[in-house]
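Beneath this line is the structure, given in C-alpha cells, with notes to follow.
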Amino acid sequence: MNNPLAEILPDFLHFNGIQASQLVILLGIIMFAGTLGGWLFKKLKIPQVVGFIVIGILIGASGFHILEPKVIAALDPISTIALSFIGFLIGGELKLETIKKYGKQFISILLFEAITPAFVVGGIIGLVNFAVTKNPVQSLSLGLLLGAICSATAPAATTDVLVEYRTRGPLTTTVYGIVAMDDAVALILYTIASSIAAPLLGGHTLSFGKQLLSIARDIFGSIAIGCSFGFILKLLSKRVINNDGRLLGLTLGMLFICTGIATIFNFDNILSAMSIGFFLVNFMPGKSKQIFKLVSDYTPPIYVLFFVLVGAKLNIWILTPFLGLLAILYVLGRTLGKSLGAIFGAWLTKAPKSVQKYLPFCLLSQAGVAIGLSIAAGNDFADSIGPQILLIITATTFIVQLIGPVFVKIGVTKAGEVGLNVTVDDIRKNSRVTDVTIGNNKICDYDSPAIVDETERLFNILNMFSHHHNLNYVVRGSKDKTLVGIISLEHLKEIMQIGEFAETMLAMDVMEEAKVTCKPSTTLPEAYQMFEDYDIDAIPIVDTDGEPLGILEKNTVDHYLHQRIINLNRKLKEMDD
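Under our numbering, think of the first position of the sequence shown as -9, with each following residue one higher.
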C-alpha cells in the first residue's frame, strides 16, 4: 500500500543523493563562515547581510565552488523557511490602524515606485538593444519584460537591515508597507508584458485573462490559507499555551505547515506567512507581541543560511560584454525610476519629509520575485530572449543585493530612525550607572547632595532631605574620604522618634553599613540584580579607591528609563507630523 505522505511531501525534502553527514558539515561551514563575515562587515559599519552574501559568493558558483549546485538545490527548504519568516514578521508590521492612516500614501507611492522604473528600464533597454541588434520586435519585447520585472523589491535584505538597526518611524513604516505589496504589482506588470511579447516572439504563455485569473487565485488563495492558520493559532494559544517554549513551538509549527501547503498548491508562501502575521497583530494584539519577539529571536541563524545561499547561487562569470552593458543600464534605470517614482508618490500624498527624501535609498534590493519572473521568462521565451533575461536578472541581483542594504542603512540613518525601535529592556541593557540623570543633576557628580560627611549633624541632613529628591545619602569618612555607610529617610524617621536628643546626633551615629556598592561603569542590568539580590532600593556609587561619588536609587533608574521611552515616542510623533 502506497504511503500517502510520499505523494504530498514536496520534492525539496529529498537531499538529491547527498549524504546527510555532508549536509551537516556544509551547514556548519555556511553558518560559521556566514556569521564571521557578517560580524566583520558590521565592524566595517556595513550591514551584516552584505557580509553574508559576500561569503556566499566566495564559496559558491562565483568563487571556490565549495557549494555545488546540487548542494544548493538540496538546501532550498532553508530559503523557503527564511522567506516565510520574513513574510511573517512583515505581516506583524501591518496593523489596521497603520493601514487606515497611511493607506492612500502607500498606494500612491507603491504605484509610482513600481510603474515608473518599468517605463524607464523598458525604454532604455529597448533603445540600446535596438541600436545594437536593429531588431525592433526583440528590443520592444526585451524592454517590456525587463521593465515589468524591475518593479519588484526584495523584502528580505531590506527588512533585515531595519531589524538590525532597530529602526522606527514614518520611513520604516512606509518601507514595510511598500516591500510587502510591490511584488503583486510586479506580477501584474509581467502578465501584461508577457501577453504583449508572446504573439510578437512566438513564446508560449497563457492569455492575458487567464494570467490575471491565475494571479488573483494566487493572491487570494495565499491570503486565505495564511489567515486560516492565524485563526487556528489564535484559538490554540488561548487554550493550551502557558509558556514561551510551547508558544514558539506552536507558532513555528503553524508557520511551517502553512508554508508547506502553500508550496504544494503553488501559492505564494511569503504572502501566506505575511497573512498569519497580519492576522495575529490585528486580532490577537495582546499575545502577538510575545509571539513576534519569540520568532524574531529564533530567526538570526536562519537568515545567515539564507543570505549565504543567495550569494552562492549567483554566478558573475556567465555574462557577455553586451549583456553586462544591459545589466548596468538595467540597474541605473531601475534606480532612477524607483527614485523618481517614490519621490513623486510621496510628494503627491504629502508624506513626511523623511519619506520624500530617503525612501529611494530603501528600494534598491531585488531577489526572489525578480528571479522567479526571470525564470518564467526563460521558460516562456526559451527560443528568443528568455536566456538573456535570466542572465541579466542574475547579474543585476548580484549587484543590488550588495549595494541595496548599504543604501537602506544610509536612508534610515539620514532619516534619524536608527535605534528608535527600542523597549525599556533594550535601554536598560545598553545603559550604565553613569548614564542615569534626574533633571540636570548627574548622579555621579562628586558634589551631589546625596553625599554627607560622617560628622554632619542630623539636623542638617534632615534639611537636605526636605530640599532634594534623594531618599538615601551616602556617608564618607572625614579622614580618608572613603565610603563608611548609608543613611535612608526611612531609618531617619525611626531615629527621630527618640525625641529632641536625636537632633544632636551625627551622621556616623545613625548610618547603616552599605551592603553593596557599584561603579559608574556598572551596567543597569547588574544594578537591578543587586537591588533584587540584596533587597535594597539604593546602592552607593564609588570610584576605584572606594571614595563615594553619589547614590543610585531604584526609583531614579526607573524614572530615567521611562523618560527615555517618553522622549523617543515624542521624537517619533514629531517625525510623523
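For each residue, glycine too, the CB sits at the ideal point set by N, CA and C.
| task | Pick helix, strand or coil for Arg158, following the three-state DSSP scheme. | result | coil
| Straight-line Cα distance separating Leu330 from Phe521 | Between Phe521 and Leu330, the C-alpha separation is close to 55 Å.
| task | My understanding is that Phe301 touches Val44, with C-beta atoms under 8 Å, so please give their C-beta distance in whole angstroms. | result | Here residue 301 turns out to be Gly, not Phe, going by the sequence shown. 6 Å between Cβ atoms; contact.
| field | Close-in-space but distant-in-sequence residues of the same chain around Ala405 (CB under 7 Å, 5 per side omitted) | value | Gly159, Leu161, Ser344, Tyr348
| task | Would you tell me roughly how many angstroms separate the C-alpha atoms of Gly394 and Pro290, rounded to the nearest one? | result | The alpha-carbon separation between Gly394 and Pro290 amounts to approximately 19 Å.
| said: Which residue wins for smallest C-alpha separation from Leu501, given the options Ser421, Leu482, Gln519? | reply: Per the sequence presented here, residue 501 reads as Met, with Leu not at that position. Nearest option by C-alpha distance: Leu482.
| message | I'd like the list of long-range same chain contacts for Val474, defined as Cβ closer than 8 Å, with 5 residues on each side in sequence excluded. | response | Excluding the 5 residues flanking it on each side, Val474 has same chain C-beta neighbours closer than 8 Å at Glu444, Val465, Arg466, Gly467, Met498, Met501, in chain order.
| For Asn272 versus Leu86, is the C-beta spacing smaller than 7 Å? | yes
| field | CA nearest to the CA of Met244, picked from Lys283, Ser131, Gly220 | value | Gly220
| Can you tell which of Phe42, Tyr155, Lys60, Thr25 has the C-alpha that lies nearest to the C-alpha of Gln12? | Lys60
| How close, in whole Å, do the beta carbons of Met274 and Gly81 come, if the pair is a contact with beta carbons under 8 Å? | Their Cβ separation, rounded to whole angstroms, is 12 Å, which puts Met274 and Gly81 out of contact at 8 Å.
| message | In chain order, what are the residue ranges of uninterrupted beta strand (DSSP E) at least 3 long that sit wholly in the segment 434 to 516? | response | 441 to 443, 462 to 466, 473 to 478
| Any idea what DSSP makes of Val568, helix, strand or coil? | The question about residue 568 has no answer here: the residues shown for the chain are numbered -9 through 567.
| request: Name the residue from Thr386, Phe334, Leu299, Leu322 whose alpha carbon lies nearest to the alpha carbon of Phe42. | output: Taking each of Thr386, Phe334, Leu299, Leu322 in turn and checking the Cα distance to Phe42, the smallest one comes out for Leu299.
| said: Can you tell me whether Gly583 is buried or exposed? The criterion is at least 16 other CB atoms within 10 Å of its CB, across all chains shown. | reply: This structure cannot speak to residue 583, because the chain is shown only from -9 to 567.
| request: Could you have a look at Pro37 and say whether DSSP puts it in helix, strand or coil? | output: coil
| request: Could you say if the segment 137 to 145 and the segment 356 to 373 meet the contact criterion of at least three C-beta pairs nearer than 8 Å? | output: yes
| Own chain residues within Cβ distance below 7 Å of Leu381, not counting five before or after | Ile308, Leu309, Leu313
| query | Is DSSP giving Ile306 helix, strand or coil here? | reply | coil
| Whole-number beta carbon distance between Val426 and Val547, since they are thought to touch under 8 Å | 6 Å
| field | C-alpha distance - Thr472 paired with Pro538, whole-angstrom precision | value | 6 Å
| said: How far does the beta strand (DSSP E) with Glu103 in it extend, from its first residue to its last? | reply: Careful: Glu103 lies outside any beta strand (DSSP E), inside the alpha helix (DSSP H) at 86 to 123.
| query | For Ile541, which of helix, strand or coil comes out of DSSP? | reply | strand
| query | How many angstroms separate the CA atom of Asp470 from the CA atom of Arg418? | reply | 34 Å
| query | In or out: Pro126 buried (at least 16 other Cβ within 10 Å) or exposed? | reply | exposed
| message | Which of the three DSSP states is assigned to Ala528 in this structure? | response | Correct three-state label for Ala528: strand.
| field | Within 7 Å, strictly: CB atoms of Asn579 and Glu543 | value | No answer is possible for residue 579: it lies beyond the span of the chain, which begins at -9 and ends at 567.
| field | At least 3 beta-carbon pairs within less than 8 Å: the segment 63 to 82 vs the segment 174 to 192 | value | The segment 63 to 82 is not in contact with the segment 174 to 192.
| query | So, using beta-carbon positions, are Phe268 and Leu84 closer together than 7 Å? | reply | yes
| request: Kindly give me the distance between the Cβ atoms of Ala367 and Leu135, rounded to whole angstroms, as I take these residues to be in contact under 8 Å. | output: Their Cβ separation, rounded to whole angstroms, is 5 Å, which keeps Ala367 and Leu135 in contact under 8 Å.
| request: Could you tell me which of Leu225, Trp337, Asp208 sits nearest to Phe102, measuring between CA atoms? | output: Trp337
| request: Using 10 angstroms around the beta-carbon of Gln128, count the other beta-carbons present and answer buried if the total reaches 16, otherwise exposed. | output: Looking at its Cβ environment, which holds 16 or more other Cβ atoms inside 10 Å, Gln128 is buried.
| How would you call Ser478, buried or exposed, if buried means at least 16 neighbouring beta carbons within 10 angstroms? | buried
| field | Supposed contact pair Leu223 and Leu152 - C-beta distance, whole angstroms, cut 8 Å | value | Their Cβ separation, rounded to whole angstroms, is 24 Å, which puts Leu152 and Leu223 out of contact at 8 Å.
| What separation, rounded to the nearest whole angstrom, lies between the Cα atoms of Met21 and Leu295? | 6 Å
| Just to confirm, are Ala517 and Ile476 a CB contact at a threshold of 7 Å? | no
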